[in-house]
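Here's the structure, in structure tokens; my notes come after.
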Amino acid sequence: MSGPELAAVDGLRVRVGARVLVDGVSLRVLPGRVTALVGPSGSGKTTTALALLGAYPEGARVSGTVSLAGAGGAPIGHVPQHPGTVLNPARRVGVLLRDLARVHGGGPEAVRRALRDAELSEVDGLLRRYPHQLSGGQQQRLVLAQALLTGARVIVADEPTTGQDPATAHRLAALFRRLAARGTGLLLLSHDLALVRESADEVVLLADGRAVRTGPPDEVLCAPARPELPPVRPALRVRPVMVPTQAAPVRLDVTGLTARHPGGAVVLREVGLSLRAGECLALTGRTGSGKTTLGRCLAGLHPRHEGTVLLDGEPLPRSVRRRGRQRLAAVQYVFQDARSAFADHRPVLDQVARAAVRLRGRTPPAAAAEAAALLAELGLDPAKAARPPGGLSGGELQRAALARSLIVGPAVLVCDEITAGLDADTRASILAHLADRRDRAGLALLFVSHDPAAVDALADRVATLADGRLHPASAAHPFGRQGAAPPG
Amino acid sequence: SAPGGTAAADRAPAAATPRRGGRLRALFAGGGADETLDPHRVNLFADAARAKALHDKLADWGPDLAAVPRLATGWEPGPGLDVWTVRLREAAFHDGRPVTAADVLYSYRRIADPKRAFRARASLEPIDLAASRAPDPRTVEFRLNRPCAEFPNILAAFGAYIVPEGTEDFRAPVGSGPFSFVSFEPGRALLLRRFDGYWDGAPHVDELEILAAAEESARANALLAGQAEYAHELAPATARAHASGGRIGIVRLRNSAMQGFVMKTDRPPFDDPRVRQAFFHLVDRQELVDGALSGAGEIGNDLFGKGSQYYPAGLPQRTRDLDRARALLREAGAEGLRITLDTSPVAAGLVEAAGILKDQAARAGLTIEVRVGSKDTYWKDILDGGVLASFRSGAMPIESHISQRLLSTSTTNATHWRRPDFDDLYTQAQSTADPVARTALYERMQRRLFEEGGLLVWGFADWIVGHAPRLRGVAADAPANTLDWARFDKVWLA
Amino acid sequence: MTATPRGWVRRRLLLGAGQVAAVPVLVFVLTEALPGDAAVVAAGDDPDPARIAALRAALRLDRPAVERFADWAGELTHGELGRSLVGGRPVADHLTEALAPTLLLAALTLTLLVPAAVGLGLLAARREGGALDRAVSTVTLAVYAVPEFALGVLLTAVFALRLGWLPPTAVGGIGRQPAALVLPVVVLLARPVCSTARLVRAGLLDAMAAPYAVHALRCGVPPNRVRLGHALPNALAPVVQHLARTAEWLLCGVIVAEALFVVPGLGTVLLDAVAARDVPVVQGLAVLFGTVTVLLNLAADLAARRLAPRTEVAV
Amino acid sequence: MRRYALGLALVAVPLLLALGGPLLVGGPEPRGVSFTAGGGHWLGTDFAGRDVLRQVLLGGRPVVLVAVAATVLGYALALPLALAAALTGRSWVEELLLRPLDVLIAVPALLLVLLVATAVEPGPAGLAVLVGVAAVPDIARVAHAAAVAAASRPVVEALRLHGESWWRIAFGQVARTIRRTLAADAGTRLVGALYLVATAAFLGVGVGPDTADWAVMVDRNRAGLFLQPWAVVVPALLVAGLSTGTNLLFDAALARPGGRAPGAGRRTPGAAA
Ligand SMILES: Nc1ncnc2c1ncn2[C@@H]1O[C@H](COP(=O)(O)OP(=O)(O)OP(=O)(O)O)[C@@H](O)[C@H]1O
Ligand SMILES: Nc1ncnc2c1ncn2[C@@H]1O[C@H](COP(=O)(O)OP(=O)(O)OP(=O)(O)O)[C@@H](O)[C@H]1O
Ligand SMILES: [Mg+2]
Ligand SMILES: [Mg+2]
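Sequence order for the protein chains is D, G, Z and V. Mapping the first sequence onto this note's numbering, position 225 (from 1) lands on 225, and the numbers just tick up by one. One rule links them: number in this note's numbering = place in the second sequence (from 1) + 488. One rule links them: number in this note's numbering = place in the third sequence (from 1) + 982. One rule links them: number in this note's numbering = place in the fourth sequence (from 1) + 1297.
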């Protein structure tokens, strides 16, 4: 059912200074077909995709052709990698959607359909909320809904499932198929190979900005020499036996934690958990189930909660404002949306280093060196990190965000979906690093993730959030109960 | 001299036959939303204009500030000059009641009532109202506390208007003036109608409306655009800008405001007459007139009341003499003196004059420090404060000037000029019936002031009135506050 | 913010009442601090001490300040604003009389100001640093730099005196020639338009550069709609505050314009009252202005909260 | 830098006059008749018969100093307040910081200046302080309104989480985010301050009504606008140049390269449209 191409990139070359971001990439978006763009983090997927939208990095020199001939002037639907940033904080969700609907000649019905397709129809009172009142995954789906509302014939989805639990991700894959069936052409950028396999008709594999292979999924993804596939079970699961978890002291002890949001909506009910030094508790749950909220509670970013949080037996002040340097350093949180956690104007490296200066009393030069080293360890070239956040790829930012928290040497670290936007290798190296810290420095980890592989790889225990309560889940089937749990 | 006479003389140029009818709109700087129509409460020019349109005094001032009979036909002193018999003319109030001696006594007693603290009270002070009587309805016999040769001045005093006996409520005032009341919005407008029964001949215009506009440029613009036919108190610059244009007529009322500086004669450095004389000699009066009045006025000679009765015009005109000034200062050991000069934007030109005096004094080696005070309380502040201050005064008879400001007993003696012998001269003059001898006495008093007085009079400002070309008969020879100033019963719209 | 809007408004109204109460006290203290009193001013250029004393007695100014304030406050509790010291008229009359023209001027000016300022801001923000931007900015700023009185004189000279299109003053009352309002309104508009437009421009430039505006454009929302519907609301919060201040400036008396065009409004009353040390009138105005301000600020803050909803900032 | 050219050109003349002017004039000369042209006076004479050129040369410094001082002071006081109010999560602290200002607001700035200045003869310096303080509530409100949104961004949370100091958060992040709004406000306020001084002088408080001061000149000489326009036009032009120039410089300094709006670090045709 492939008709004339809707959009095409031919021999695209994007250079910033000496650096080549994309090097001679060509791809075509055909009606009724899903083209997937895969490749390691920083390989130029987003850049390529944005080129399709006519957007380029600041001061980039561009060659090659981008043709939107087939799109017939209609806008191209876009689901950016950082959905949080593209939602107007001052307008209610309803206004945002209705406005789009009106522009594209749709009514309330169109809005309702879009919400249903984007798996948002269950979120209660969605239309009256402001974007910042949504969970990461919900925001992502909201942006998807916007893209649907534009009725675009070409949709570019950049990591559309990073914030989604497998079940939802699966449904989204189905949605993409449906869209394709309606004759839409999709360009799908993803690390989620399951998703790609499920939905893509054609896969373009990028590496260092070059298209190394193009073809049907199985061919491209299963061909020999697949550097970007995850090791089935990372070796790092093997842990030194001499540190029996049970013996280790309890670092973090949470009891009766109940959190609510301004509307009064209770998100967490009587949640209790305890973390020993050197232990990793994986936290899973449907999108919108309250994982981030829990993490923010622990980090002191969501003071509107009751219950006690003990750090080494000491009660932890509810708000970051009332936590001294030690405490701030002791409990760290890695934001789900790495992009919006960094200031636009300062080099990422400085911002990472600054944390060490403030919380570990390092001198700026020392901190800078340390930051560079750490970033390198996480597989992020410090040279890249010398750019402001706008100049980094999604995955790079995620690692930078992680580094920013790790550099202060926390005792407890809450990671919120830090592997979502990462290719298998990078993810593996990060997990290795975390595991290492956990085992050597006795770092206690609360690992919020939708990613089964990552969870198996790292977690000692797995717990699942559903309707505000924490359910311990057997490590065997961490995601087993999710079909049952009501979607958030 | 009969008032009509003087008026006619002045109006010679415009002497076309008066035309009857029309509404005359006159602009004055109003007194804000607190204005009242109580004629005894007059304070601003606007008040005076309103009062004289509605009411009459027994006498008023002619161009030379000599009393001119109005409601009074004439006055007869007793032998001791301390009893004066005043005859009233046949005049009626707007409601038809005749003006009687009783009304006169009532009005004067009301003014003199200490509790009310009217401005005119000071002027009536010589009269012993308790003892004064009304032998018949058309005759008033005033008994005075002391001889007072200038008694008629009192009858013409600022604010000494005659109101019907018993009047307390002035919301719709009844008077004997040329116009009768129609409506009044405080701070905005007063509308009056011609009073056909006016004893001095009914006005030519049907209606007179006195409008308030505090801002000078507003008055000028309204006049230029034909929103009014008469605008009081225009700036010299405005006058010069439009004098030639023919869009408006400009009338300069000479000698309307004395401009000067007061020196406190009882405290250093001005307790030394030589320092005062030094100042008399160091000022360049023409520069002051040009700079502070932008030329709209004439230079003074350190005496009050230029052009009015008893003014010693014979005295030589002082001009700047820096050597003389320096010499005097040297004698007085006052070289390089630092003096603070008080001034305030309370009236046009005051602050400018202060600035200019500062420069001029600098040329004589004196340092003057100008202190700009609050305009609201200025006159009170300089009455006893400071040593040197800007000063101005509207026109009044020389006698009033002396009695109010230059006697030991004077209440507003800003120069602190207290000289028993000078007081004696004044008393003597007041009990001298013979005009010639009295003139001589006044001359002696003023020579004394000219030599060593505390008042440096550098000029006399013109009062500038603008009027629409079609408004005829606006008197020119009428200093502010005199009979023909702001007199709307003799003008007409051509 | 923790408070729910309603609770917040209630608290603010209470605070506002406190402020309205505080203002007259402040003003009373200040007026008392002024040199001289109503008696001295009334005496004018005839400051005969005896007369001043008499006036003082007549005006009952010889009593201690606290006592006088207490009396005034007492009357206020009965809804009485007292009587003017100078003319003896009820203060309420003063205010109501002067309020009419002031309200008229303010209303007219504001209704023109908002669209004009926003429009100019939008124009300037179309392309930062572009010819249009520079032109708009330069012109409005140049006008802004011309003070009301100069501008008034200029406009009057041209449109009233040279061309004779408009009456130069409202002397004798606006009722007679409504056209007399044109010039004052224009003069009053001239400067706020610029300052407001500048704020609109600044906010718009930031908002238009924000990712969500770019995204809206990508979603095919027409640029103008993005400007008005997506960027403007985010830009408005400070503008609204500025407008509130402007509205208050207009309501609390625009002395220069009132004097130039003879529109005796609250500003004139205020000036006269201060000059005459007419404490009751000044106090009355203080109460009036206090109330106006509190209400305007409340409205502005409400609007600002609506326009800039806060995420849950960690407390 | 081309984009600075216009602003600089406009600011240069007034600024140079303001700084250098007073050095070029000698002692006072005898007065002429007010509002006359010619007669050895290049720009004619002013309302007090003084040489306008001389007044212009003298009158820049007070204007610039008072206006700048007042504005700077106003911001020095208001900005920390506004930022503190925006950054504190507790609404009662916010009220505590901002409501008292409203009382100040409720006394119209002119009345305030009028009252205080009549009560205590301030002189230029004092007047600058007064004008500055009178502006504090307005600045605080505008700045606060703009800051609230910026202060509740995730970046700020992250900075807190990483122990950033209050000052860095407030000025390095929040104030920086709203700098355009602040610049726009400050730029216009500069002129506002200047004419508040002039109006005060016109009402007889603060600087003397015949001082050499561009703003005061524009006011006092307007009576002679038709006799001798220079006395008004020249100072007015200078002030206009000053204000327009400063603001354009602000604009130029804050302009994004090429005036293009980068969409989250990405260039977009859409944003340039
Ligand atoms: N403005 C810029 N200047 C210089 N280099 C840039 C700029 N923007 C991006 N890059 C670099 O270009 C490379 C490709 O970026 P891009 O965002 O396309 O990667 P990606 O494939 O989307 O990675 P990810 O999967 O992590 O999102 C990255 O290494 C990034 O550091
Ligand atoms: N400020 C807010 N006001 C009201 N409701 C909110 C607010 N923030 C989040 N919520 C709701 O609270 C629930 C939990 O949000 P949270 O971000 O913790 O979910 P999550 O588990 O992190 O989801 P995801 O996996 O998509 O990130 C969601 O349903 C969301 O809609
Ligand atoms: Mg990417
Ligand atoms: Mg989340």
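For each residue, glycine too, the CB sits at the ideal point set by N, CA and C. From a predicted model like this one, the values you see are computed outputs, not experimental measurements.
Leaving out five residues on either side along the sequence, give the residues of the same chain with a beta carbon under 6 Å from the beta carbon of residue i.
i                  : result
Asn1544 of chain V : Gly1484
Ala1437 of chain V : Ala1375, Leu1378, Ala1379 and Leu1398
Ala956 of chain G  : Glu717
Starting from the beta carbon of residue i, find every residue of chain V whose beta carbon is closer than 9 Å, and list them in chain order.
i                 : result
Asp337 of chain D : Pro1451
Ala385 of chain D : Here the premise fails: no neighbours, minimum Cβ distance about 14 Å.
Say yes only if the C-beta of residue i is nearer than 7 Å to one or more non-hydrogen atoms of ligand 4, and no if none qualify.
i                 : result
Glu119 of chain D : no
Ser135 of chain D : yes
Residue j and residue i - do their beta-carbons sit closer together than 8 Å?
i                  : j                  : result
Gly295 of chain D  : Asp416 of chain D  : yes
Leu944 of chain G  : Val771 of chain G  : yes
Asn969 of chain G  : Ala883 of chain G  : yes
Gln510 of chain D  : Gly163 of chain D  : Residue 510 of chain D lies beyond the range of chain D shown here (1 to 488); nothing can be said about it.
Ala719 of chain G  : Ala708 of chain G  : yes
Arg92 of chain D   : Tyr130 of chain D  : yes
Val408 of chain D  : Gln351 of chain D  : no
Val1023 of chain Z : Arg1259 of chain Z : yes
Ser862 of chain G  : Ser832 of chain G  : yes
Val1452 of chain V : Ala341 of chain D  : yes
If you measure from the CB of residue i, is any heavy atom of ligand 2 nearer than 7 Å?
i                  : result
Val93 of chain D   : no
Thr1543 of chain V : no
Thr292 of chain D  : yes
Ala1229 of chain Z : no
Excluding the five sequence neighbours on either side, which residues of its own chain have a C-beta within less than 8 Å of the C-beta of residue i, listed in chain order?
i                  : result
Ile1475 of chain V : Ala1440, Ala1443, Ala1444 and Ala1447
Arg762 of chain G  : Leu816, Leu817, Glu819, Ala820 and Ala822
Would you please state the rounded distance, in angstroms, between the beta carbons of residue i and residue j? I believe it to be under 8 Å.
i                  : j                 : result
Ala608 of chain G  : Phe646 of chain G : 6 Å
Ala60 of chain D   : Val20 of chain D  : With 8 Å as the limit, Ala60 of chain D and Val20 of chain D do not qualify as a contact, their Cβ atoms being about 10 Å apart.
Ala541 of chain G  : Leu680 of chain G : 6 Å
Gly654 of chain G  : Tyr594 of chain G : 7 Å
Ala1520 of chain V : Ser671 of chain G : Between Ser671 of chain G and Ala1520 of chain V the Cβ distance is about 33 Å, and since that is not below 8 Å, they are no contact.
Gly421 of chain D  : Glu159 of chain D : 6 Å
Using a C-beta to C-beta distance shorter than 7 Å, which residues of chain Z count as neighbours of residue i?
i                 : result
Ala701 of chain G : Thr1151, Val1153 and Val1244
For residue i, is the beta carbon positioned less than 7 Å from some heavy atom of ligand 1?
i                 : result
Arg19 of chain D  : yes
Gly44 of chain D  : yes
Pro389 of chain D : no
Quick one: what's got a C-beta closer than 7 Å to residue i's C-beta in the same chain, skipping five residues either side?
i                  : result
Leu1277 of chain Z : none
Pro303 of chain D  : Arg318 and Ser319
Leu359 of chain D  : Arg325, Leu328, Ala329 and Val408
Ala1082 of chain Z : none
Under 8 Å Cβ-Cβ, which residues of chain V neighbour residue i?
i                 : result
Val103 of chain D : Under the 8 Å cutoff, chain V gives no residues; its nearest Cβ is about 14 Å from Val103 of chain D.
Using the beta-carbon of each residue, which ones in chain D are nearer than 9 Å to residue i?
i                  : result
Ala1290 of chain Z : Pro89 and Ala90
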